Structure formats: C-alpha cells, structure tokens
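Numbering-wise, full-length UniProt numbering puts 271 at position 271 of the sequence shown, and it's gapless, one number per residue.
Have a look at the structure below before the remarks.
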Amino acid sequence: MGMAIEVEGLVKRYRRKPALDGVSLSVADGDAFGYVGPNGAGKTTTIRCLLGLVRPTAGVIRILGHNVATDLGAVLADVGHLPGEFGLWPQLTGAECLDYLGTLQQRAPVRRRELCDRLELSQADLRRQVRLYSRGMKQKIGIIQAFQHEPRALVLDEPTEGLDPVMKERFVELLAGHRQAGGTIFLSSHILSEVEETTERVAVLKAGRIVRTGATADLTGERVRHCTLVLKQPLADAAALDIEGVSGLESDGLIHRFEFRGDMEPLMRRLGTFAVQEFLSEPEHLAETFFEIYGDSDQGRSR
C-alpha cells in the first residue's frame, strides 16, 4: 500500500520560536488519520503547511506523490481541503465562492448539487451574498468545496465548527462514503466523538512535536470521564467506591461525583451491586484529555 501523505522533519519557526519542531508522519492510501492535541500544539500550522498556505522553515511534504513545495497545483487538484477559520468573500454569493474555489481545484464540481441537497443548502441560499450567511452556512460552503470535485484525499481542520448536530451527522456520513470509495482522510479535531467515529489511527501533537502515534481506539481509551452517581439509599460501606480508576471522589449524601479513567466494564459491574437511581458519565473533550495526559508544558501560540 502506498503513502497518501508523507511528512519528514517538518519545522516552522516564527521569530525563532518553533511552532513545529521536527514533525514526521505518514498516512497510507485509504487510511483515516486523526491529528489531535491541546490548543497551541501546532495542529493548524501543520495543516497550513500541508496545503501550501504556509511555507515551512524546513522539511519535506509529499501528498499523493506530489511535493507540496514544487507541485502545489497537482496537490490541490487531488486533495479536498478545509483549513481552520475558513474564510469566504463576503460580497460574493455562495455559488460564486464555490465556482472560484472550483477553478483552483482544476476539476469539475461533479458532486456539488448532491452535496448541497445533503447539507440542506438551497439554490436560493446559493444566490445570497456570503455576508448574509450564518456561521453554519459558511461552514457548509467549506465542506461542499472540499468534496465537490471527488478528491482522492481530504485534509480537514475542525470541519464541523458551527454545524448543528444534524449537519454534523451528515458530515460524518460524507466521510464514511469517502472511505468506502477508497479515499484518504487527514482530520484535525478537538471533538473526541468525531475522531473516534471517523479515524483509525491518530497522532498526538504537543508543543510542536508528535509525542505519540497509534490506533485511535487505544489512545482515546485513556480519556477521563466525569461521573455523577445518584443512589436511592446510602452506601453501607464508605469504601465501596474505592474502585480502580476512580479519583477525586466527592460525596454529598446520596450524590457522589468522581473522575474515572480506564475500562468502564468493571466499574459498571460494581455499580450494578448498588441501589442506583441515576448514573451520568461524560468524557472530556479531546484537547483537555491529552493536555492532562501529556502535562502542562510551555507551548507556543500557534494552533
């Protein structure tokens, strides 16, 4: 299997301060790859380098066999991209924005009408100026332009920002269809469920360096859950919640709050022996989780 994305020794410095410090990674053809880490780790800077929006200080980037530094046109023709803080031209209509972005892709927008229908962007919407769009509508334009020319690979930075839950689910369906067609995905997101649902491998970035790479299921399994347990009657033994993985226990009568890290199955078996009225478990956002796992280091201001 060939490599869709290859990054070797990527360095980007701003006023001598490294935003990226020797990033190397590879994504195989047809793979779905997540790119995560705390805010300021350098995720967005990496994607801007991948898309030729920022010139690296050092390093080599190849996408679908093309060197980004010397053959950017071929990269943009084969890659659907959605950079963070995606900007449009406020005086243009939605359709005009899609047309202009399509000229950069050098491919026919064969999926545009289908995508507009799936994301509920009407022809009337497309005739309106972008300055009248909501944040969610602008993000829909960004998603449509990324998919409209049937690219071989997708490079996406926080692609569901501004979307409502229904549209987020539609977007996940679009990613699944891209994978089924043999396409490659490189996705940066702080939303854990998005990464879990759409990627198989993930790299963790911290202070401009990759500190860990592995299967998504292995890494996301380390997240902390904030738990609230409400009982129908008091515990007979105060040590009953002395369970592996439980920390920060705070009890107030029948209500017990704690953090949990690890396999949920043993915890649920233990809770099954209690008179439980309600149990709530909410995972942290991905950025918070990895920030905790990898510590409070001196990070730059790059994204």
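Note that CB positions come from ideal geometry on N, CA and C, so glycine has one too.
A quick note: this is a predicted structure, and the numbers were derived from the prediction, not measured.
Does residue 243 come out as helix, strand or coil in the three-state DSSP assignment? Reduced to three states, the DSSP call for residue 243 is coil.
Name, in chain order, the residues that DSSP records as bridge partners for residue 123. Note: residue 123 sits in no beta bridge, so no partner.
In angstroms, rounded to a whole number, what distance separates the CA positions of residue 207 and residue 162? Cα to Cα, residue 207 sits roughly 27 Å from residue 162.
Since residue 112 and residue 144 should fall inside the 8 Å C-beta cutoff, what is the C-beta to C-beta distance between them, to a whole number of angstroms? With a Cβ gap of about 6 Å, residue 112 and residue 144 count as contacting.
Between the Cα of residue 228 and the Cα atoms of 189, 265, 271, which residue gives the shortest distance? By alpha-carbon distance to residue 228, the top candidate from 189, 265, 271 is 271.
Assigned secondary structure, residue 172 (DSSP; H/G/I helix, E/B strand, else coil): For residue 172, the three-state secondary structure derived from DSSP is helix.
Enclosing alpha helix (DSSP H) for residue 76 [first to last residue]: For residue 76, the uninterrupted alpha helix (DSSP H) run begins and ends at 72-78, by DSSP.
Skipping 5 residues on each side, what residues in its chain have a beta carbon closer than 8 Å to that of residue 34? These residues qualify, in order along the chain: 187, 188, 189, 195, 198, 199, 201, 202, 203, 216.
Between which two residues does the alpha helix (DSSP H) containing residue 136 stretch? Per DSSP, residue 136 belongs to the alpha helix (DSSP H) from 135-147.
Taking the alpha carbon of residue 138 as the point to measure from, which residue in 150, 149, 121 has its own alpha carbon closest? Comparing Cα-Cα distances from residue 138 to each of 150, 149, 121, the minimum goes to 121.
In the DSSP output, which residue or residues are listed as bridge partners for residue 34? 187, 202.
If you compare alpha carbons, which of 275, 265, 243, 245 is closest to residue 255? With distances taken between Cα atoms, residue 255 lies closest to 275.
Secondary structure of residue 217, DSSP reduced to three states: Helix at residue 217.
On the criterion of 16 or more Cβ atoms from any shown chain inside 10 Å, does residue 268 qualify as buried, or is it exposed? Answer is exposed; the Cβ neighbour count stays below 16.
How would you label residue 12, buried or exposed, when you count the other beta carbons within 10 angstroms and need 16 or more for buried? Residue 12 is buried by the Cβ-count criterion.
Determine the closest residue to residue 45 out of 241, 18, 258, 3, with distance taken between C-alpha atoms. Sorting 241, 18, 258, 3 by C-alpha distance to the C-alpha of residue 45 places 18 at the top.
Identity of the residues DSSP links to residue 228 by a beta bridge: Beta-bridge partners assigned by DSSP to residue 228: 257, 280.
State whether the segment 144-157 contacts the segment 78-95, with contact taken as three or more CB pairs (one from each stretch) at a distance under 8 Å. Enough Cβ pairs lie closer than 8 Å, so yes.
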